[in-house]
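Visitor: Per this note's numbering, residue 1 is the first one in the sequence shown, and the count goes up by one each step. Input: one structure, supplied below.
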Amino acid sequence: MAERSFAKEVEKLRLGAGEEFAGEGILAITKALLQCGVGYVGGYQGAPISHLMDVLADAQDILGELGVHFEASASEATATAMLAASVHYPIRGAATFKSTVGTNVASDALANLASGGVTGGALIIVGEDYGEGSSIMQERSHAFAMKSQVWLLDPRPNLPSIVKAVEDGFELSEISNTPVMLQVRIRCCHVHGHFIAKDNKRPPMTVADALEAPRRDTGRIVLPPASFLHEKEKVAKRWPAAVDFIAKNKINEFFGSDHGSVGIVMQGGMYNSVIRALQRLGLADTYGETDVPLYVLNAVYPLIDDEFLSFCEGKQAVLVVEEGQPNYIEQAFAAMLHKAGRGSRLVGKEYLPMAGEYTGQVMLDGIGAFLRAEAPHLLPGEVRAPNKVGDGVDTADLINVVPGRPPGFCIGCPERPIFAATKLVEQELGKHHIASDIGCHLFSIMPPFELGATTMGYGLGPASASAFNSPDAKRRSISFVGDGGFWHNGLTSSIGNAVFNKNDGVIVIVDNFYSAATGGQDILSSRAGNKTKSTKHPITEAVKGMGVKWLRHVDRTYDVGKMQDTLREALTTEEKGPKVIVASSECMLNRQRREKPLVDKAIKGGARVVKPKFGVDEDICTGDHACMRLSGCPSLSVKSLDDPLRDDPVASIDQNCVGCGNCGEVADAAVLCPSFYRADVVHNPSRWDRFLESARRAVISLLQRRRESRRLTFADA
């Protein structure tokens with residue numbers, strides 16, 4: 001069950017030639033694939049590209065009509081390996097995943113694919129997850145393109161340019177027999193706009209057709225001596241073919257005046273931000289007309305020497321806008337100028353940050369500084385002096401005003417009680433080395449849990465604790481891996497590795513039924529039915545199959561006491577070998593997406609519906625807030641009372657509560673207090689419900705009158 005459905009939007013994929021397509025960048029990429037006659041698509045979800053997988057999943061009918069095969073791949077390596085279908089057959093194929101974690105995983109398959117080369121067009125759509133909104137290490141895809149000699153496109157962030165980049169990518173791949181990477185940043189993925197559609201094309205050869213006529217060319221198989229010839233082919237044939245295609249088809253673009261003392265070169269994805277900065281400096285209008293010559297690299301690898309040197313002709317200084325580090329493009333252009341003996345001064349990181357996202361303010365400050373230093377005559381008088389432009393707020397001021405907001409679990413998240421139980425066990429047995437993993441459970445490193453020392457990659461939590469498998473150790477390590485990471489590569493890299501090496505640590509597999517962190521996509525162990533995929537394969541069975549002997553399954557993680565007991569048993573048992581705990585409960589976000597529409601429909605239809613609601617008795621709560629330190633639920637906060645005798649605020653549950661009961665479970669497991677209560681809210685109550693409610697109110701009213709009467713009696717005495 002994905003984060004959202006694109007069932008309505010995918011109908012736009014049926015638009016034909018001459019019709020206007022309006023929508024989001026992700027949807028435009030999908031439409032472009034169909035217009036290009038793609039034969040098959042695979043991929044692995046991950047921001048900012050997750051929705052592309054979700055769109056394709058919702059477009060199964062349309063893909064089927066065109067004979068296009070689609071797979072939600074087990075990993076990025078699987079998706080890239082799929083492109084092997086384009087090695088011997090003239091079939092266009094596409095793979096999609098996020099960078100750079102995706103390119104890390106896919107690098108082995110990518111290297112082999114690039115070595116042998118392709119016959120059909122092979123396009124790898126990479127969501128460039130770089131910058132302040134990213135959840136991963138800060139690296140770039142560029143290095144992978146250079147390493148494996150695949151071409152890298154970086155289109156301007158507007159729908160016509162994105163669609164054209166898909167078309168150019170397939171043609172470039174076929175002409176140069178080389179896979180092509182199409183890099184799309186988060187702003188590119190989610191930009192809205194329109195373009196004139198073309199008819200969808202059925203692939204001239206489908207994968208089914210290929211199976212009827214198998215082909216084989218040993219020259220494209222990565223095995224000596226062919227593998228040695230591949231390197232020569234890359235340099236002598238494929239590279240010149242790519243350069244020629246990029247130049248002849250004017251993939252890169254020039255804007256502004258043909259003459260000028262300065263110019264700006266940029267990655268295509270930076271174009272909108274550069275134009276906006278120039279507009280704020282008074283040097284461009286809202287339509288992109290600019291007084292400063294611009295060279296826009298929609299193809300950032302390979303670079304075209306003649307284009308760049310021609311652009312630099314007559315210019316005193318050229319600014320390279322290249323987001324991220326290392327500055328591969330700037331270095332390459334500097335080498336071109338040096339070899340050609342040109343006198344233009346090339347600058348880049350002197351005016352722009354060495355690393356980090358090039359936001360609007362960063363771009364404004366950097367380009368403004370460059371122009372003030374190199375071409376002040378271009379600037380209006382009021383912006384020639386430094387520190388006169390921009391409306392940004394100093395970061396130090398923001399730190400003093402805006403409170404820190406660390407990432408955390410969602411309201412009602414079933415993973416929270418797992419870590420509450422871990423904290424309680426550590427209070428008993430002492431601190432342990434805890435290895436974390438990629439996924440929602442990584443939020444356990446933040447307050448209030450503050451658990452976990454490392455995270456080494458998706459599905460590699462237990463593997464990252466393998467060095468602590470010492471025969472002299474008196475304490476066991478604890479490691480976590482999510483169900484998404486488990487199926488991605490954790491089954492072999494973590495569980496299989498632990499079994500083979502007789503690791504004595506404790507491994508907790510967090511099973512929330514979905515690949516939750518990437519948007520709630522189904523996986524092998526999902527318990528819901530899926531029309532096009534095989535689900536309901538228990539993690540416990542896979543773990544047993546790998547040879548694990550000590551295995552426990554907690555099928556309701558909200559039972560903090562049971563989680564605590566199971567962890568304690570795993571950490572203290574005399575049995576050797578890996579101790580695996582599968583902790584299962586459905587992701588609350590997906591559960592709410594699934595249940596809310598059904599509940600709302602039932603209520604509107606007049607059906608009796610009972611919804612639990614939790615609260616805190618203010619008269620009983622002592623205000624020590626230990627429940628929050630072991631829960632951290634966003635719906636659990638503090639409330640100040642009007643009582644002058646009680647200075648400390650008490651715990652309070654707000655209207656966002658989803659009724660999971662975790663706060664009360666934690667309070668009970670930690671033996672804290674009985675102040676938590678549960679009340680059932682009944683919608684469309686029956687006559688019996690109304691009678692019981694009236695009876696309860698009557699009894700309560702009687703008891704209250706009685707107590708008041710006694711109080712007055714004692715007061716008179």
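C-beta: ideal position from N, C-alpha, C; glycine also.
1) Measuring straight from C-alpha to C-alpha, what distance separates Gly343 and His69?
2) Can you grab the Cα-Cα spacing for the pair Ser173 / Gln35, in whole Å?
3) Applying the criterion that 16 or more other CB atoms from any shown protein chain within 10 Å of the CB defines a buried residue, is Glu11 buried or exposed?
4) Are the beta-carbon atoms of Val499 and Val548 separated by less than 9 Å?
5) Counting beta carbon pairs with one atom in the region 589-605 and one in the region 618-625, are three or more of them shorter than 8 Å?
6) What is the residue span of the alpha helix (DSSP H) that Gly360 lies within?
7) Report the option in Val274, Lys639 and Asp291 whose CA atom is closest to the CA atom of Pro376.
8) Tell me where the beta strand (DSSP E) around Trp151 begins and ends.
9) Is Ala695 buried or exposed, if buried means 16 or more other CB atoms sit within 10 Å of its CB?
10) Would you say Pro417 and Met563 are within 9 Å of each other, going by their C-beta atoms?
11) Going along the chain, which residues of its own chain have a beta-carbon closer than 6 Å to the beta-carbon of Gly121, five neighbours each way excluded?
12) Quick one: using the 10 Å Cβ neighbour count with 16 as the cut-off for buried, is Gly219 buried or exposed?
13) Leaving out five residues before and five after Arg552 in sequence, what residues of the same chain have Cβ atoms less than 6 Å from its Cβ?
14) Taking Ser686 as the reference, give the member of Asp61, Ile478, Arg608 and Gly37 with the closest Cα.
15) Below 6 Å CB to CB, which residues in the same chain sit around Tyr271 once its five sequence neighbours on both sides are set aside?
16) Run through the region 48-76 for me and flag every whole beta strand (DSSP E) of 3 or more residues, listed as ranges in chain order.
17) Using alpha carbons as the reference points, say which of Arg140, Leu571 and Leu442 lies closest to Glu357.
18) Give me the Cβ distance between Leu33 and Val166, rounded to the nearest whole Å; I'm assuming they're in contact under 8 Å.
19) Determine the extent of the alpha helix (DSSP H) in which Trp688 is found, giving its start and end residues.
20) Taking only the alpha-carbon atoms, compute the straight-line gap between Ala57 and Val184 and give it to the nearest angstrom.
21) Using the rule of at least 16 other Cβ atoms within 10 Å of the residue's Cβ for burial, across every protein chain shown, is Phe97 buried or exposed?
22) Assuming Ile246 and Ala317 are in contact, meaning their beta carbons sit under 8 Å apart, how far apart are those beta carbons, in whole angstroms?
23) Tell me the rounded alpha-carbon separation between Phe513 and Ala373.
24) Who are the Cβ neighbours of Pro452 in its own chain at under 6 Å, not counting the five residues just before and after it?
25) May I have the straight-line CA-CA distance separating Asn112 from Phe21, to the nearest angstrom?
26) Ile246 by DSSP, collapsed to three states: which one?
27) Determine the extent of the alpha helix (DSSP H) in which Pro160 is found, giving its start and end residues.
28) Can you give me the C-alpha to C-alpha distance between Gly439 and Thr492, rounded to a whole angstrom?
29) To the nearest angstrom, how far is it from the Cα of Leu283 to the Cα of Pro293?
30) Taking the alpha-carbon positions, what's the Ile539 to Pro462 distance?
31) For Arg14 and Pro160, I'd like the C-alpha separation in whole angstroms.
32) What is the DSSP secondary structure of Phe676, counted as helix, strand or coil?
33) Here's a check: name, in chain order, each residue in its chain whose Cβ is nearer than 7 Å to the Cβ of Trp239, leaving out the five neighbours to either side.
34) So if DSSP puts Ile304 in a beta bridge, which residue, or which two residues, is it bridged to?
35) Determine the burial state of Val105: buried for a count of at least 16 other Cβ atoms within 10 Å of its Cβ, exposed for fewer.
36) In its own chain, which residues sit with a C-beta less than 6 Å from the C-beta of Glu575, not counting the 5 before and 5 after it?
Guide: Considering the structure as presented:
1) In a straight line, the C-alpha of Gly343 is about 53 Å away from that of His69.
2) For Ser173 and Gln35, the gap between their C-alpha atoms comes out near 16 Å.
3) By the Cβ-count criterion, Glu11 is exposed, with fewer than 16 other Cβ atoms from all chains shown falling within 10 Å of its own Cβ.
4) Result yes, Cβ atoms of Val499 and Val548 sit closer than 9 Å.
5) No, the region 618-625 does not touch the region 589-605.
6) Gly360 to Glu374 is the extent of the alpha helix (DSSP H) around Gly360.
7) When Val274, Lys639 and Asp291 are compared, the shortest CA-CA separation from Pro376 is found for Asp291.
8) Trp151 to Leu153 is the extent of the beta strand (DSSP E) around Trp151.
9) Answer is exposed; the Cβ neighbour count stays below 16.
10) In this structure, Pro417 sits near Met563, with a CB-CB distance shorter than 9 Å.
11) Contacts found: Arg92, Phe170, Ser173 and Glu174.
12) Its Cβ having fewer than 16 others within 10 Å, Gly219 is exposed.
13) Result list for Arg552: Thr566 and Ile581, in chain order.
14) When each option's Cα is compared against that of Ser686, the closest is Arg608.
15) The residues are Arg156 and Val296.
16) At a cut-off of 3 residues, the continuous stretches assigned as beta strand (DSSP E) that sit fully inside the region 48-76 are 69-72.
17) Per the C-alpha coordinates, the member of Arg140, Leu571 and Leu442 positioned closest to Glu357 is Arg140.
18) That pair is a contact at about 6 Å.
19) It spans Arg687 to Asp716 - the alpha helix (DSSP H) in which Trp688 sits, taken as one unbroken run.
20) Near 20 Å, if we compare the C-alpha coordinates of Val184 and Ala57.
21) Buried, by the Cβ-count rule.
22) Taking 8 Å as the upper bound for CB-CB distance, Ile246 and Ala317 are not in contact here, some 25 Å apart.
23) Taking the straight line joining both Cα atoms gives about 57 Å.
24) The identity of residue 452 in the sequence shown is Gly, whereas the question assumes Pro. For Gly452, where only same-chain residues beyond five positions count, the Cβ hits under 6 Å are Ile434, Ser436, Ser444 and Ile445.
25) Spanning the alpha carbons of Asn112 and Phe21 requires a straight line of approximately 37 Å.
26) If DSSP states are grouped into helix, strand and coil, Ile246 belongs with the helices.
27) For Pro160, the enclosing alpha helix (DSSP H) covers residues Leu159 to Ser176.
28) In a straight line, the C-alpha of Gly439 is about 18 Å away from that of Thr492.
29) Between Leu283 and Pro293, the C-alpha separation is close to 11 Å.
30) Cα-Cα distance, rounded: 16 Å.
31) Whole-angstrom Cα-Cα distance: 18 Å.
32) Three-state DSSP puts Phe676 in a strand.
33) Taking Trp239 as the centre and dropping the five residues before and after it, the same chain places the C-beta of Pro302 closer than 7 Å to its C-beta, in chain order.
34) Ile304 is not bridged to any residue.
35) Residue burial annotation: Val105 is buried, with at least 16 other C-beta atoms found within 10 angstroms of its C-beta.
36) Only Trp550 meet the Cβ criterion.
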